[in-house]
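Student: Be aware that the sequence shown starts at 127, since it is given in this note's numbering, and climbs by one per residue.
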Amino acid sequence: MAWALNQILDWFAGLLLDCLNGLITAITHALLITPDVTSLPQVQALTGRSVWVVDTVFVLAFVTAGVLTMVAGGDERARYTVKDLLPRCVVGFVTAHFSQLIAGTLIEVANAFTTALTAQDFNGDGALDAVKTHLMAARDQSAGLLFVVCLAIIVVLLAATACSVIVRFAVALVLTAVAPIALACHALPQTEGVARLWWRSYVAMLAIPVVQAFVLFAGQWMLLDTSAMLPLLGLPVEPGGVLNLFVVMVLLWTTVKVPALMRRYATSGAAGRGGNPVGAVVRVVVVQQLTRGLRIPGLGAVRR
Numbered sequence: 127m128a129w130a131l132n133q134i135l136d137w138f139a140g141l142l143l144d145c146l147n148g149l150i151t152a153i154t155h156a157l158l159i160t161p162d163v164t165s166l167p168q169v170q171a172l173t174g175r176s177v178w179v180v181d182t183v184f185v186l187a188f189v190t191a192g193v194l195t196m197v198a199g200g201d202e203r204a205r206y207t208v209k210d211l212l213p214r215c216v217v218g219f220v221t222a223h224f225s226q227l228i229a230g231t232l233i234e235v236a237n238a239f240t241t242a243l244t245a246q247d248f249n250g251d252g253a254l255d256a257v258k259t260h261l262m263a264a265r266d267q268s269a270g271l272l273f274v275v276c277l278a279i280i281v282v283l284l285a286a287t288a289c290s291v292i293v294r295f296a297v298a299l300v301l302t303a304v305a306p307i308a309l310a311c312h313a314l315p316q317t318e319g320v321a322r323l324w325w326r327s328y329v330a331m332l333a334i335p336v337v338q339a340f341v342l343f344a345g346q347w348m349l350l351d352t353s354a355m356l357p358l359l360g361l362p363v364e365p366g367g368v369l370n371l372f373v374v375m376v377l378l379w380t381t382v383k384v385p386a387l388m389r390r391y392a393t394s395g396a397a398g399r400g401g402n403p404v405g406a407v408v409r410v411v412v413v414q415q416l417t418r419g420l421r422i423p424g425l426g427a428v429r430r
């Protein structure tokens, strides 16, 4: 009976290791980088439409402002309003037309930060290979039900990491495409919350691979240099397969939690300053629906 159970566990462990290899191969070259989505034809087409919308709105706004100014005549309040809004309109118009340059520059800076943090391997091959090597070794040292359970948890965490990579790329595409409209919202105080939300969301999206790179390479050093790291934690120098499995699980769990932490930063910025209703509505609709697919309770009541 024990022999049959061991054979079943060994077979199941082999399947999980095959899944592990496939997941690591899929995310190795995509986990710690943000591609320059501004060069994609689809993004350029959507950006062109967004710029066209911005130009149309600004033309109508300038014509309306001119008519209202002429109707108001020499009213001091009207001149003050125009003088106050004109710099905002210029900033919104310029940033909207240079949104692709801004987005591309931010992506380059984020990738440069990732390179500086890792310093050894930009694509993260070393960290993921270290994880795979320790799992293969642990199969011989701690074979049995515990290994299978830990390996299943690790495969689930890697699958969640792969899904987060896909979601991050989708968010990058959407945020880059709507950048002209979002940045044009700097033109009015009532809509500036939308522009600030875009800045926070874009920075948070780019910060995800940077933080994940730091976490993965810190974990890689713990896995590969156990004689230097583990004694400081009160753990044995030769941890064995079981402890390595737990180290890998904690490492991947921390990596999976990074997008949620960045999302919290993006969605809580306006709340700390009071924000405005427009920014709050857009924050809920865009960020939560896009990243988590959650329903928004009470949205119908707000619209009514």
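Glycine included, every Cβ here is placed at the ideal spot set by N, Cα and C.
1. Provide the residue span of the alpha helix (DSSP H) that contains Leu309, from first to last.
2. Between Ser176 and Ile279, is the Cβ-Cβ spacing less than 7 Å?
3. Can you check which of these residues, Ala236, Ala305 and Gly319, is closest to Ala330 by C-alpha distance?
4. In its own chain, which residues sit with a C-beta less than 8 Å from the C-beta of Phe239, not counting the 5 before and 5 after it?
5. If you run the structure through DSSP and keep just helix, strand and coil, what is Leu157?
6. Here's the rule I'm using: 16 or more other beta-carbon atoms within 10 Å means buried, otherwise exposed. How should Trp178 be labelled?
7. Use the C-beta contact count for Thr164: other C-beta atoms within 10 angstroms, 16 or more gives buried, fewer gives exposed.
8. Helix or strand or just coil, what does DSSP make of Ala321?
9. Short of 7 Å in beta carbon distance, which residues of its chain neighbour Asp162, apart from the five on each side in sequence? Order them along the chain.
10. Just tell me which of Ala333, Ala305 and Cys215 has its CA closest to the CA of Trp324.
11. Cα separation between Thr160 and Thr241?
12. For the structure I just gave you, are there three or more beta carbon pairs, one from the region 309-323 and one from the region 215-228, closer than 8 Å?
13. Looking only at its own chain, which residues have a Cβ that is under 6 Å from the Cβ of His158, when we skip the five neighbours before and after it?
14. Taking its Cβ as the centre, do 16 or more other Cβ atoms sit within 10 Å of Val341, making it buried, or is it exposed?
15. Check the C-beta distance from Phe219 over to Leu371 and give it rounded, since I have them as a contact under 8 Å.
16. Using the C-alpha atoms, what's the distance from Asp181 back to Leu284?
17. If you check the beta carbons only, do Leu172 and Ala303 fall under 7 Å apart?
18. In angstroms with no decimal places, state the Cα-to-Cα distance between Met375 and Asp210.
19. If Arg322 sits next to Tyr391, beta carbons under 8 Å apart, how far is it from one beta carbon to the other, in whole angstroms?
20. Tell me the DSSP secondary structure of Leu314 in three-state form.
21. Below 8 Å on the Cβ atoms is my guess for Ala298 versus Met388; work out the distance and round it to an integer in Å.
22. Rounded to a whole number of angstroms, what is the C-alpha to C-alpha distance between Leu227 and Thr317?
23. Relative to the ligand ATP, is the shortest distance from any of its heavy atoms to the C-beta of Phe295 smaller than 6 Å?
Tutor: Put simply:
1. For the purposes of this step, residue 309 is identified with residue 183 of the sequence shown, where counting begins at 1. Here the alpha helix (DSSP H) through Leu309 covers Ala305 to Ala310.
2. Walking along the sequence shown from the start, residue 176 turns up at place 50. Walking along the sequence shown from the start, residue 279 turns up at place 153. Taking 7 Å as the cut-off, the Cβ atoms of Ser176 and Ile279 do not count as close.
3. Residue 330 sits at position 204 when you count from the first residue of the sequence shown. Here the closest residue by C-alpha is Ala236.
4. If you number the sequence shown from 1, residue 239 lands on position 113. Cβ neighbours of Phe239 beyond the five flanking positions: Val336.
5. For the purposes of this step, residue 157 is identified with residue 31 of the sequence shown, where counting begins at 1. Leu157 falls in the coil class under three-state DSSP.
6. Residue numbering aside, residue 178 sits at position 52 when the sequence shown is read from its first letter. Classification of Trp178: exposed, given that the 10 Å Cβ count is below 16.
7. The count along the sequence shown starts at 1 and reaches residue 164 at position 38. By the 10 Å Cβ count, Thr164 comes out buried.
8. The residue given as residue 321 occupies position 195 in the sequence shown. It is helical.
9. Position 36 of the sequence shown, counted from the start, is the residue given in the question as residue 162. Excluding sequence neighbours, Asp162 sits near Gly230 and Ile233.
10. Translated into positions along the sequence shown, residue 324 becomes position 198. When each option's Cα is compared against that of Trp324, the closest is Ala305.
11. Here residue 160 refers to the residue found at position 34 of the sequence shown. Here residue 241 refers to the residue found at position 115 of the sequence shown. Cα to Cα, Thr160 sits roughly 12 Å from Thr241.
12. Yes: at least three Cβ pairs fall under 8 Å.
13. For the purposes of this step, residue 158 is identified with residue 32 of the sequence shown, where counting begins at 1. Checking the sequence shown, residue 158 turns out to be Leu, not His. The residues are Thr240, Gly250, Pro335 and Ala339.
14. Stepping through the sequence shown from its first residue, residue 341 is reached at position 215. By the neighbour-count criterion, in which 16 or more other beta carbons inside 10 Å mark a residue as buried, Val341 falls on the buried side.
15. For the purposes of this step, residue 219 is taken as residue 93 along the sequence shown, with counting starting at 1. For the purposes of this step, residue 371 is taken as residue 245 along the sequence shown, with counting starting at 1. Not really, about 56 Å apart at Cβ, beyond 8 Å.
16. The residue given as residue 284 occupies position 158 in the sequence shown. The residue given as residue 181 occupies position 55 in the sequence shown. Looking at the two C-alpha atoms, the distance is approximately 44 Å.
17. Locating residue 172 in the sequence shown gives position 46, where the first residue counts as 1. Locating residue 303 in the sequence shown gives position 177, where the first residue counts as 1. Yes, they are a contact pair.
18. To locate residue 375, count along the sequence shown from 1; it is residue 249. To locate residue 210, count along the sequence shown from 1; it is residue 84. Between Met375 and Asp210, the C-alpha separation is close to 55 Å.
19. Position 196 of the sequence shown holds residue 322. Position 265 of the sequence shown holds residue 391. In fact, because the Cβ distance is near 13 Å, the residues do not count as touching under 8 Å.
20. The residue you call residue 314 lines up with position 188 of the sequence shown. In the three-state scheme derived from DSSP, where H, G and I count as helix and E and B as strand, Leu314 is classed as coil.
21. Start at 1 with the first residue of the sequence shown, and residue 298 comes out as number 172. Start at 1 with the first residue of the sequence shown, and residue 388 comes out as number 262. With 8 Å as the limit, Ala298 and Met388 do not qualify as a contact, their Cβ atoms being about 13 Å apart.
22. Residue numbering aside, residue 227 sits at position 101 when the sequence shown is read from its first letter. Residue numbering aside, residue 317 sits at position 191 when the sequence shown is read from its first letter. In this model, Leu227 and Thr317 are separated by some 22 Å (Cα to Cα).
23. The ligand ATP is absent from the structure shown, which contains no ligands of any kind.
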